[in-house]
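Visitor: Residue numbers (this note's numbering), protein chains in the order written: chain A, 1 to 330; chain B, 1 to 296. For each residue, glycine too, the CB sits at the ideal point set by N, CA and C. Predicted model only: the values in this text are computed from it and were never measured.
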Amino acid sequence: MAIEARNISKRFGTFVALDDVSVTVKDGSLTALLGPSGSGKSTLLRVIAGLETPDGGRVLIGGQEMTDAPARNRGVGFVFQHYAAFKHMTVHDNVAFGLKVRRRPKAEIEERVSELLKLVRLDGLSGRYPSQLSGGQLQRMALARALAVRPQVLLLDEPFGALDVQVRAELRGWLRRLHDEIHVTTIFVTHDQEEAMEVAEQIVVMNSGRVEQTGSPRELYENPSSEFVMSFIGPVNRIGNAYLRPHDVQIVPEYGGNTTEALVKRVVHLGFEVRVELTLPDGREISAQVTRASAHELELEEGQILTVRLPSARVFEPAPGSDAPVASGA
Amino acid sequence: MSASAPHLQRPAVPLALARSGKETGRRAARARRLGLRSVALGYLAVLLIGPVAMIFYRTFEHGVGAVWTALMAPNAQHAFWLSLEIAAIAVPLNTVFGIGAALLLERGRFRGRAVLGLLIDLPFAISPVVVGLTLVLVYGKTGWLGGWLTENGIQVIFSVPGMVLATAVVSLPFVARETMPVLRELGTDSEQAAATLGAGPWQTFWRVTLPAIRWGVVYGVVLTTARALGEFGAVSIVSGRIEGQTQTLPLYVQDRFENFDSTGAYAAAVVLALLAFTTLVAMNLLTRRARAREAV
Chain A
1 MAIEARNISK
11 RFGTFVALDD
21 VSVTVKDGSL
31 TALLGPSGSG
41 KSTLLRVIAG
51 LETPDGGRVL
61 IGGQEMTDAP
71 ARNRGVGFVF
81 QHYAAFKHMT
91 VHDNVAFGLK
101 VRRRPKAEIE
111 ERVSELLKLV
121 RLDGLSGRYP
131 SQLSGGQLQR
141 MALARALAVR
151 PQVLLLDEPF
161 GALDVQVRAE
171 LRGWLRRLHD
181 EIHVTTIFVT
191 HDQEEAMEVA
201 EQIVVMNSGR
211 VEQTGSPREL
221 YENPSSEFVM
231 SFIGPVNRIG
241 NAYLRPHDVQ
251 IVPEYGGNTT
261 EALVKRVVHL
271 GFEVRVELTL
281 PDGREISAQV
291 TRASAHELEL
301 EEGQILTVRL
311 PSARVFEPAP
321 GSDAPVASGA
Chain B
1 MSASAPHLQR
11 PAVPLALARS
21 GKETGRRAAR
31 ARRLGLRSVA
41 LGYLAVLLIG
51 PVAMIFYRTF
61 EHGVGAVWTA
71 LMAPNAQHAF
81 WLSLEIAAIA
91 VPLNTVFGIG
101 AALLLERGRF
111 RGRAVLGLLI
121 DLPFAISPVV
131 VGLTLVLVYG
141 KTGWLGGWLT
151 ENGIQVIFSV
161 PGMVLATAVV
171 SLPFVARETM
181 PVLRELGTDS
191 EQAAATLGAG
201 PWQTFWRVTL
211 PAIRWGVVYG
221 VVLTTARALG
231 EFGAVSIVSG
241 RIEGQTQTLP
251 LYVQDRFENF
261 DSTGAYAAAV
271 VLALLAFTTL
281 VAMNLLTRRA
291 RAREAV
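Structure, rendered in structure tokens:
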């Protein structure tokens, strides 16, 4: 089901959480709401789920007016950052909950629960209590619970935020594959740009209660519409008003053309890539990113003086009224 | 309640390390622990264990037969059943009210929330005697509602309804106060999860909220019961202390004591103590069994 949020606004006291936000999500797509904390991304998700009432604007799910519908009638599955497990119920009963409150026949419940536990690979643990599961297992249980009632829409609020890095990476890939399998329209909230780029087809970048830009990961990276998006999605060098990605800084053998000298301050080995921290003749600091092979070839070391070329720096028009931010909750 | 992560178990100390060096430090720590323990136990012994043990001793000093006779006296029997009857009415009332109040105070957003919180604590602060007097002022023959009540043939003061009221007032805060912190710790996530899964408010309460807070409620109920059975001051005033009619077990104990019937007084006192003790132990066993299962 397609999801449409139109002109949503929401305040908490004097804090503007959402300021006239409109977002459209295509049927069957996987969308990320990306932004720093306080940008309004979680609030928007909760407004769509019906867990928060907007001060203004409308929510449509599958073309149906849902603005005033209670959460339980919206057909949404919601996954919380901290799992929101029912601690007094077994894994089986947690997953069965939605079906039980809908008074489905017992046989159907059993069949659906075991089907879902298999899908999230918890089929051996149906008799366990939440306190006996790891964080990753809890979140998979929460996902199974949300999917059990066949929601039209799946909403995940920082679903991997409480997990450690390795489990995170694993669940990310797994969520992607799961989505390819069941095609339920999915929105997830994250503050991790890498996570958004890796999992989502469409990213909505939010900042201070507004949408900064919407697009595919590639569009956002290659054509950021504002300095906020550019600096939020990937590392960036700022040279005056111009912005430049570290991997666009070229280390060249010869002086001439659009080049300048630079002093190597630090060489950081990050695995396949090597980050070179440089100081320009005017004292400004930038960083360049090169592959391990070319770092080796250039025999980079600290204190060395190099020639660099700074091509295609991007300059952004100052946004109207950008020097007087409306709400800086971040 | 216990939300401690199951993974945070005490790391095993390598034996070699435990045995080597640090012996003196460990000894000092042990001495400190022992010292603390004896102070705590000593305090309890002087205040609680000694007096209670004394009462048991004095009660059975002249054998079980005398105690049995004292307990079988009609007035003793009446007082016993009356105390149970009052508790059986006041405790459920306060349980329902307490849970409702806790939900309102923790989940509700309305004006006057702070005032409601204060009001609920008031019975803790006011002397029970004052509670009794206020009830007489309102429901007594010359009281506020007294005229209307008399006209309709309802007697509150000097009868069971008044005693139930007095008991309910003095034991009012326990369930709410024990439930509130548990509700706060539970948070709203699981209730919201239930809502997105299709549960209505009523289903959410019965299937998610209540089971999650039940140990807080149970503890509140136990405290309420103990207080209801033991209440003296407020009940003493509203009951009129009519032997065999409005005399509860604590009132009976005092009556026997004042009439130099020490066997009768001690026997009834022991029954009261045993009632309280049984409630506490029963709760402890129940809680431990269920917790062992859930919060490993």
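May I have a chain-ordered list of the beta strand (DSSP E) segments no shorter than 3 residues that lie completely inside the segment 9-96 of chain A?
Guide: For the segment 9-96 of chain A, whole beta strand (DSSP E) runs of length 3 or above, ordered along the chain, are 15-25, 30-34, 56-61 and 76-79.
Visitor: Please confirm whether A:Phe86 has its beta-carbon closer than 8 Å to some beta-carbon of chain B.
Guide: A:Phe86 counts as touching chain B.
Visitor: If distances are taken between C-alpha atoms only, which option among A:Val252, A:Phe232 and A:Pro253 comes closest to A:Tyr243?
Guide: Comparing Cα positions, the closest option is A:Phe232.
Visitor: So A:Met1 and A:Ala85 are supposed to be a Cβ contact under 8 Å. How far apart are they, rounded?
Guide: Between A:Ala85 and A:Met1 the Cβ distance is about 27 Å, and since that is not below 8 Å, they are no contact.
Visitor: Can you tell me whether B:Met72 is buried or exposed, with buried defined as 16 or more other CB within 10 angstroms of its CB?
Guide: When all chains shown are included, B:Met72 counts as exposed.
Visitor: Out of A:Gly256, A:Gln250 and A:Leu171, point me to the one whose CA is closest to A:Ala295's CA.
Guide: Of the listed residues, the one whose Cα sits closest to A:Ala295 is A:Gln250.
Visitor: Determine whether the Cβ of B:Pro181 lies closer than 8 Å to any Cβ atom of chain A.
Guide: Taking Cβ atoms only, chain A never reaches closer than 8 Å to B:Pro181, which makes this a no.
Visitor: So A:Thr67 and A:Val76 are in contact, right, with Cβ under 8 Å, and what is the actual spacing, rounded?
Guide: No, A:Thr67 and A:Val76 are not in contact; Cβ-Cβ is about 14 Å, not under 8 Å.
Visitor: What does a CB cutoff of less than 6 Å around B:Ile213 pick up in its chain, not counting 5 residues either side in sequence?
Guide: Correct list, in chain order: Thr179, Val182 and Leu183.
Visitor: Would you mind reading off the limits of the beta strand (DSSP E) that contains A:Tyr243?
Guide: First-last of the beta strand (DSSP E) with A:Tyr243: Ala242 to Leu244.
Visitor: Between the segment 80-88 of chain B and the segment 241-251 of chain B, can you find at least three pairs of beta-carbon atoms closer than 8 Å?
Guide: Result yes; three or more Cβ-Cβ pairs closer than 8 Å.
Visitor: Give the range of the alpha helix (DSSP H) segment to which B:Glu85 is assigned.
Guide: Counting along the chain, the alpha helix (DSSP H) containing B:Glu85 begins and ends at Pro74 to Arg107.
Visitor: Taking the beta carbon of A:Gln64 as the centre, do at least 16 other beta carbons fall within 10 Å, making it buried, or is it exposed?
Guide: By the 10 Å Cβ count, A:Gln64 comes out exposed.
Visitor: For chain B, check one thing: does any of its Cβ atoms lie closer than 8 Å to the Cβ of A:His82?
Guide: Yes, contact with chain B.
Visitor: Output the boundary residues of the alpha helix (DSSP H) element that contains A:Phe188.
Guide: Run containing A:Phe188: none in the alpha helix (DSSP H); it sits in the beta strand (DSSP E), Thr185 to Thr190.
Visitor: Am I right that A:Ala71 and A:Leu51 are in contact with their C-beta atoms under 8 Å? What's the rounded C-beta distance?
Guide: Confirmed, about 6 Å.
Visitor: Determine the direct distance from the alpha carbon of A:Pro151 to that of A:Val113, and round the result to whole angstroms.
Guide: Answer to the nearest angstrom: the Cα atoms are 15 Å apart.
Visitor: Measuring straight from C-alpha to C-alpha, what distance separates A:Ile286 and A:Ile61?
Guide: Going by the C-alpha atoms only, they are around 46 Å apart.
Visitor: List the residues of chain A that B:Asp121 touches, going by C-beta distances under 9 Å, in chain order.
Guide: Within 9 Å Cβ-Cβ: nothing; B:Asp121 doesn't reach chain A, min ~28 Å.
Visitor: Going by alpha carbons, who is nearest to B:Gly216 out of B:Ala199, B:Arg177 and B:Ser239?
Guide: Taking only the C-alpha atoms, the option nearest B:Gly216 is B:Arg177.
Visitor: Mind checking A:Glu212: buried by the 16 CB within 10 Å criterion, or exposed?
Guide: When all chains shown are included, A:Glu212 counts as buried.
Visitor: Rounded to whole angstroms, what is the Cα-Cα separation between B:Thr188 and B:Met54?
Guide: So the two alpha carbons sit approximately 49 Å from each other.
Visitor: Closest by CA to A:Val252, which one among A:Pro246, A:Thr260 and A:Arg245?
Guide: Answer by Cα proximity: A:Thr260.
Visitor: I'd like to know if A:Leu45 contacts chain B, where contact means its C-beta is closer than 8 Å to some C-beta of that chain.
Guide: Chain B contact via Cβ: absent.
Visitor: Take A:Asn258 as the anchor and find which of A:Gly234, A:Thr307, A:Arg284 and A:Met230 has the nearest alpha-carbon.
Guide: Minimum Cα distance to A:Asn258 is reached at A:Thr307.
Visitor: Can you list the beta strand (DSSP E) stretches of 3 or more residues lying completely in the segment 131-164 of chain B, in chain order?
Guide: As far as the segment 131-164 of chain B is concerned, it has no whole beta strand (DSSP E) run of at least 3 residues.
Visitor: Give every residue of the same chain whose Cβ lies closer than 8 Å to the Cβ of B:Leu105, excluding the five residues on either side of it in the sequence, and list them in chain order.
Guide: Same-chain partners within the cutoff: Arg113, Leu116, Gly117, Ile120, Ala176 and Met180.
Visitor: Taking the runs of the alpha helix (DSSP H) that are 4 residues or longer, which of them lie wholly in the segment 235-261 of chain B?
Guide: Within the segment 235-261 of chain B, the complete alpha helix (DSSP H) runs of at least 4 residues are 249-258.
Visitor: Considering only their Cβ atoms, is the gap separating B:Val129 from B:Glu234 smaller than 8 Å?
Guide: The question names Glu, but residue 234 of chain B in the sequence shown is Ala. Cβ atoms of B:Ala234 and B:Val129: closer than 8 Å.
Visitor: Output the distance between the C-alpha atoms of B:Leu36 and B:Leu48, rounded to the nearest integer angstrom.
Guide: Each residue's Cα considered, the two are about 18 Å apart.
Visitor: Starting from B:Thr196, follow the beta strand (DSSP E) in both directions and report where the run begins and ends.
Guide: Premise fails: B:Thr196 lies in the alpha helix (DSSP H), Asp189 to Thr196, not in any beta strand (DSSP E).
Visitor: Could one say the Cβ of A:Val149 lies closer than 8 Å to chain B's Cβ atoms, at least one of them?
Guide: So, interface residue.
Visitor: Any chance you could list the beta strand (DSSP E) runs of at least 3 consecutive residues sitting entirely within the segment 169-234 of chain A, in chain order?
Guide: Counting whole runs of 3 or more residues, the segment 169-234 of chain A contains the beta strand (DSSP E) stretches 185-190, 202-207 and 210-215.
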